[in-house]
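At position 85 of the sequence shown the residue is numbered 86 (our numbering), and the sequence of numbers has no breaks. Here a beta-carbon is modelled for each residue, glycine too, at the ideal position from N, C-alpha and C. Working notes for the structure below.
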Amino acid sequence: MAYEAIRYELADSVATITLNRPNVHNAMNERMREELTACFVELAQSAEARTIVVTGAGDRAFSAGADIREFVAPQVPVKFRDGRRRVDFRAAMDRCGQPIIAAIRGFALGGGLELALACDIRIARFTSVSLTEVNLAIIPGGGGTQRLPRLVGRGKALEMILTGARIDAREALRIGLVERVVPAAEVHSAAQTLATTLAERAPIAMRYAKEAVVKGLGMSLEDGLRLENDLATLLRTTEDRIEGAKAFLEKRKPRFTGQ
Numbered sequence: 002m003a004y005e006a007i008r009y010e011l012a013d014s015v016a017t018i019t020l021n022r023p024n025v026h027n028a029m030n031e032r033m034r035e036e037l038t039a040c041f042v043e044l045a046q047s048a049e050a051r052t053i054v055v056t057g058a059g060d061r062a063f064s065a066g067a068d069i070r071e072f073v074a075p076q077v078p079v080k081f082r083d084g085r086r087r088v089d090f091r092a093a094m095d096r097c098g099q100p101i102i103a104a105i106r107g108f109a110l111g112g113g114l115e116l117a118l119a120c121d122i123r124i125a126r127f128t129s130v131s132l133t134e135v136n137l138a139i140i141p142g143g144g145g146t147q148r149l150p151r152l153v154g155r156g157k158a159l160e161m162i163l164t165g166a167r168i169d170a171r172e173a174l175r176i177g178l179v180e181r182v183v184p185a186a187e188v189h190s191a192a193q194t195l196a197t198t199l200a201e202r203a204p205i206a207m208r209y210a211k212e213a214v215v216k217g218l219g220m221s222l223e224d225g226l227r228l229e230n231d232l233a234t235l236l237r238t239t240e241d242r243i244e245g246a247k248a249f250l251e252k253r254k255p256r257f258t259g260q
């Protein structure tokens, strides 16, 4: 489909999705949610894209969250309430086996932070992040109440959600909300470098490693270990596994094909 609210690029096996409404701090309207859903649905089936980077246009904001004008526009309320529940791009993200990296080059608020939380790895500059929904008499509805405590713990998550307070990237790094903090000018390059590094790994192994961690977090240790063993056993049947061993013994760079 032709995108308007996002930009999509694919280069060197790295797919880059850019939220493209910088005039409103990349706030998410219905069009953007639909395009993100369609894009991630396609990526989930893609053999060409081995890693995914999500970022925002401009330097001021990754995303300010939901476009609040949709809350009050007279022609929108019913469509907004029904459509927002129906258009859930984060569910499409969850079906992507590729590692997803958030490159946070500005503030990430509300649904913008929830988008970053739905990614696997977060790289940020010194900026602020917050789940601001309580200030609008609502609660996070894009996974924030579930993904945030899994990253930072119950107490810190409740403090952030109940107060709506902003924290800077240094504090976000300290509590485990982001994995890396870099200068503003280096956010995109750091994310792309990491994505390129991951794209050079065996794609099936990358997908299975992600599946083992993500699904395992919702299981008992016993079930998680069983899942890990099953996936590890499947990987022993791949051509890439043989190629990895040969490359190691021959002291050369492996040529993984995803087979």
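In its chain, beyond the 5 residues on either side, no residue has a beta carbon closer than 6 Å to the beta carbon of Leu235. The criterion of a C-beta distance shorter than 8 Å is satisfied by Ala16 and Leu44. The three-state secondary structure of Ile140, taken from DSSP, is coil.
The alpha-carbon of Ala3 is positioned some 43 Å away from that of Leu226. For Ser64 and Leu110, the gap between their C-alpha atoms comes out near 6 Å. Per DSSP, the continuous beta strand (DSSP E) segment holding Phe108 begins and ends at Phe108 to Leu110.
Going by C-alpha positions, Ala92 is about 27 Å away from Arg61. The Cβ-Cβ distance between Gly57 and Asn27 falls below 8 Å. With fewer than 16 other Cβ atoms inside 10 Å of its own Cβ, Gln46 counts as exposed. Per DSSP, the beta bridge partners of Ile7 are Leu20.
Secondary-structure assignment with DSSP links Ala39 through no beta bridge to anything. Around the C-beta of Thr239, 16 or more other C-beta atoms lie within 10 Å, and the residue is accordingly described as buried. Between Ala50 and Leu11, the CB-CB gap stays under 8 Å. Excluding sequence positions up to five before and after Arg171, its CB lies within less than 8 Å of the CB of Phe127 and Val182, all in the same chain and listed in chain order. Per DSSP, the continuous beta strand (DSSP E) segment holding Ala62 begins and ends at Ala62 to Ser64. Of the residues assessed, Val214 falls on the exposed side of the cut-off, its CB having fewer than 16 other CB atoms within 10 angstroms. In the DSSP assignment, the residues bridged to Ala67 are Met29.
Under the DSSP assignment, Gly57 falls in the beta strand (DSSP E) whose first and last residues are Thr52 to Gly57. Annotation: Gly66 to Ala117 spans about 11 Å, alpha carbon to alpha carbon.
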